[in-house]
Amino acid sequence: MMETKKKSALADKSMLSRAVKDSFAKLAPKTQVKNPVMMLVYVSAVMTTVLFFISLAGIKDAPSGFTLAIAVILWFTVIFANFAEAIAEGRGKAQADALRASKKDVSANKIPSADRKDQVTVVPSTQLNKGDFVLIKAGEQIPADGDVVDGAASVDESAITGESAPVIRESGGDRSAVTGGTTVISDWIVVKVTSEPGKSFMDKMIAMVEGASRKKTPNEIALQIFLVALSIIFILVTVSLYSYSVFSAKQAGVPNPTSVTSLVALLVCLAPTTIGALLSAIGIAGMSRLNQANVLAMSGRAIEAAGDVDTLMLDKTGTITLGNRQASEFIPVDTNSTEELADAAQLASLPDETPEGRSIVVLAKEQFGLRGRNLNELHMKFVPFSAKTRMSGVDYDGIQIRKGAADAIKEYVTKAGGIFSPQCQEVVDGIARKGGTPLVVAKNERILGVIYLKDIIKQGVKEKFADLRKMGIKTVMITGDNPLTAAAIAAEAGVDDFLAEATPEGKLDMIRELQTKGHLVAMTGDGTNDAPALAQADVAVAMNTGTQAAKEAGNMVDLDSSPTKLIDIVRIGKQLLMTRGSLTTFSIANDVAKYFAIIPAMFVGLYPGLQALNLMNLHSPMSAILSATIYNALIIIALIPLALKGVKYREVSAGALLSRNLLIYGLGGVIAPFISIKIIDIIIVAMGLV
1 MMETKKKSAL ADKSMLSRAV KDSFAKLAPK TQVKNPVMML VYVSAVMTTV LFFISLAGIK
61 DAPSGFTLAI AVILWFTVIF ANFAEAIAEG RGKAQADALR ASKKDVSANK IPSADRKDQV
121 TVVPSTQLNK GDFVLIKAGE QIPADGDVVD GAASVDESAI TGESAPVIRE SGGDRSAVTG
181 GTTVISDWIV VKVTSEPGKS FMDKMIAMVE GASRKKTPNE IALQIFLVAL SIIFILVTVS
241 LYSYSVFSAK QAGVPNPTSV TSLVALLVCL APTTIGALLS AIGIAGMSRL NQANVLAMSG
301 RAIEAAGDVD TLMLDKTGTI TLGNRQASEF IPVDTNSTEE LADAAQLASL PDETPEGRSI
361 VVLAKEQFGL RGRNLNELHM KFVPFSAKTR MSGVDYDGIQ IRKGAADAIK EYVTKAGGIF
421 SPQCQEVVDG IARKGGTPLV VAKNERILGV IYLKDIIKQG VKEKFADLRK MGIKTVMITG
481 DNPLTAAAIA AEAGVDDFLA EATPEGKLDM IRELQTKGHL VAMTGDGTND APALAQADVA
541 VAMNTGTQAA KEAGNMVDLD SSPTKLIDIV RIGKQLLMTR GSLTTFSIAN DVAKYFAIIP
601 AMFVGLYPGL QALNLMNLHS PMSAILSATI YNALIIIALI PLALKGVKYR EVSAGALLSR
661 NLLIYGLGGV IAPFISIKII DIIIVAMGLV
């Protein structure tokens, strides 16, 4: 534990050192021009520096010491803004360095096709192209992204997910995708390469976490345009104030009390520099928080869209329910005994290795003491489940036992001349209405009864959905269950709507219908059949264990492949928007206070009546300008932790959130400068700096 803490501290020290260096490297004009508001501060710093050197030659716009102080403070303001962005990027760069260390060029066992494993050609992984086949054995690193087309193996994906527990990757199904840089630890697999060199999932991940591929989101661009417009207005106001002060001084026959240096400082203080300095850091930090949650966003737009989402489409199995249905009751019908039903159900379930099958064996054992029988001694022949028959069972000594879906067993029995009684149908319908799954058991084409399989709702899910509802987010459950079962589970889980007997076309149509009504939709998926719906959704989270088609269709990839991650993604997106909105409110509120700090003190010589607006009772115009400029620089540093961590997430309505932000960050943004500028004014006067 101590060693871990020491490593963490060293990593933080290294990250801090890198951020300080990057702060100075970002002083290059081509970097500064990307942020127009801070470019204004940058130009102001250059201008005051030039004015200082001119003043040394005897041409003084203001006292040389005052001009130097303003120049130094403005340079620090630019550096602090650079530092905010650099420290936010530092996390991503550290993660990118770790990924680069795990990504190395390895040898690949290239084969002509999946069925010609004996014709191996060893080539560097950099020479693999899309469509090539490679054989990977235990202990070897997977050389490129691809899909398993033959075999099954345990794969260590800790380089990607951070989880040390190995996962199974096998051909067919939705767990066939593998990622280059992970390691096979048992058995073997044949992989068909799905990425070109330099465009692998690991390459994309490095680019994203490092921030090299980060593009400004539409909301961020819109806010920056607004900030630029404000800055232009303040430039015009400042120029007008200078002209007006020159005119007023001549009319009054007194020296002009304003200087270019003081007006430049005024411009910087009134411009929205606080949010301008932190805007980029907020976006990078939001992406970093998503990376820490083991989710890779393909664009910043996806994170921002997650914050605006108002409809969540969630799979039932594994998200709302535990995913493993459990046998809870044996219900005999037509004068059959419960023990006979339990005995037949257990026999049919002994070869069944599914969680449902094992739960039936356990329930029969607990209720009637029925122990597992030796299948070899009974000479049983297992009839496996198939999608076509939708039932399974056993045959032995001329006895046939089948268990399966009600309609499948009904067809099986009636074809053989048996009867599917109204009582059995009534029990089946009753279980479906409760949200359970009925499994009908037949012995020699005679119905014995029904097994009640119960879907277990995850603990706390109902409360989570209630919290989402408070935020105005609608939840839609997607399930393959029949409408009766789906309705019962939806009611128990507390979701707002459901899509029963879901098909790929049904999911796609529902998303389109919701979007037509103006909703922003988020959903998760992992299979090829989910790809059309993922491509249509505004926020599409593909599981890392899913198919390549699903990952290409989504705009986010969950490295943990957790269906519940969608809720966390929405929270992170909303927290990003909340943080940006809160700090924008704070920044603009700051300008109001700085106006009362500088304007009255600066022009009180021309208009003594302005003394009434000098609410802070600052010492002099020079101390007022210095104090406000120092505060303007220091507040950026003070707000960096909040920009990186984000405003605390609260599950409340938009109206309540707006009221809270106006109270805390609006009122706080007005009060904080009044107190801080006054304290700074007292300190610099006490130190004899003015």
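Here full-length UniProt numbering is used: the first residue of the sequence shown is 1, the next is one more, and so on. Even for Gly, the Cβ is constructed at its ideal location relative to N, Cα and C.
Span of the alpha helix (DSSP H) around residue i
i: ILE399; result: Here ILE399 belongs to no alpha helix (DSSP H); instead the beta strand (DSSP E) covers 399-404.
i: GLU353; result: Per DSSP, GLU353 belongs to no alpha helix (DSSP H) and is neither H nor E.
i: VAL239; result: 218-252
i: THR516; result: 504-516
i: GLY276; result: 273-292
i: MET622; result: 621-645
i: VAL690; result: Note, VAL690: premise wrong, no alpha helix (DSSP H); not H, not E.
Beta carbon of residue i nearer than 8 Å to that of residue j
i: THR273; j: ASN632; result: yes
i: VAL193; j: VAL120; result: no
i: GLY449; j: PHE368; result: no
i: TYR452; j: ILE431; result: yes
i: VAL690; j: MET602; result: no
i: ARG571; j: THR437; result: no
i: ILE489; j: THR321; result: yes
i: SER240; j: ASN256; result: no
i: THR475; j: LEU484; result: no
i: SER627; j: ALA597; result: yes
i: SER125; j: PRO143; result: yes
i: VAL428; j: ALA408; result: no
i: ASP145; j: SER195; result: yes
i: SER23; j: ASN82; result: yes
i: ILE189; j: ASP150; result: yes
i: MET471; j: VAL652; result: yes
i: PRO504; j: ALA533; result: yes
i: THR528; j: ALA542; result: no
i: ASN555; j: MET298; result: yes
i: VAL670; j: ALA589; result: yes
Nearest-angstrom beta carbon gap, residue j and residue i [assumed within contact, 8 Å]
i: residue 704; j: LEU499; result: This structure gives no information on residue 704, because the portion of the chain shown stretches from 1 to 690.
i: THR183; j: ASP156; result: 5 Å
i: PRO351; j: VAL394; result: 7 Å
i: LEU223; j: THR584; result: 7 Å
i: ALA522; j: LEU559; result: So it is not a contact: roughly 18 Å between Cβ atoms.
Residue range of the beta strand (DSSP E) that includes residue i
i: SER186; result: 183-193
i: THR437; result: 437-443
i: SER154; result: 146-156
i: PHE674; result: First-last for PHE674: 667-686, but that is the alpha helix (DSSP H), not the beta strand (DSSP E).
i: ILE331; result: 326-332
i: MET391; result: 391-396
i: ALA522; result: 521-525
i: ARG169; result: 167-170
i: VAL122; result: 121-124
i: THR311; result: 311-315
i: ASP497; result: 497-499
Option nearest residue i by Cα separation, candidates the options
i: GLY286; options: GLY546, SER587, ALA88 and MET510; result: ALA88
i: LEU74; options: SER392, ALA531, CYS269 and PRO197; result: CYS269
i: GLY398; options: LYS443, GLN251 and MET556; result: LYS443
i: LEU347; options: ALA293, ARG402 and THR335; result: ARG402
i: ALA84; options: LEU626, ALA277 and GLN548; result: ALA277
i: LYS365; options: GLU339, THR354, THR389 and ILE457; result: GLU339
i: PRO218; options: GLU501, GLY669, LEU577 and GLY688; result: LEU577
i: LEU642; options: PHE385, ILE282 and ALA252; result: ILE282
i: MET391; options: PRO422, VAL541 and SER349; result: SER349
i: VAL167; options: GLY180, ALA152 and GLY181; result: ALA152
i: VAL78; options: PRO63, LEU27, VAL33 and ALA57; result: LEU27
i: SER262; options: ILE671, ALA249 and THR238; result: THR238
i: GLN423; options: VAL178, MET687, ALA416 and LYS410; result: LYS410
i: VAL41; options: LEU508, PHE80 and GLY65; result: PHE80
i: LYS507; options: ARG116, SER288, ASP203 and ALA531; result: ALA531
i: ALA537; options: THR547, ASP509, GLN548 and ASN544; result: ASP509
i: ARG289; options: ASN35, LYS574 and GLY418; result: LYS574
i: VAL333; options: ILE232, ALA624, ILE447 and LEU370; result: ILE447
i: LYS117; options: LYS130, ASN482 and LYS137; result: LYS137
i: SER154; options: GLY139, ALA486 and ILE185; result: ILE185
i: ILE625; options: ILE221, THR317 and ASP681; result: ASP681
i: residue 691; options: ILE664, LEU615 and GLY404; result: Here the chain covers residues 1 to 690 and nothing more, so residue 691 does not appear.
Only counting runs of 3 or more residues, tell me where the beta strand (DSSP E) segments fall wholly within the stretch 455-495, in order along the chain. Every beta strand (DSSP E) of 3 residues or more that sits fully in the stretch 455-495 is shown, in chain order, as 474-478.
Please give the ranges of any beta strand (DSSP E) in the stretch 535-610, keeping only runs that are unbroken, at least 3 residues long and fully inside the region. As far as the stretch 535-610 is concerned, its whole beta strand (DSSP E) runs of at least 3 residues are 539-543 and 556-558.
Mind pulling the alpha helix (DSSP H) runs of 4 or more residues that sit fully within the stretch 29-87? Runs of the alpha helix (DSSP H) inside the stretch 29-87: 29-32 and 36-56.
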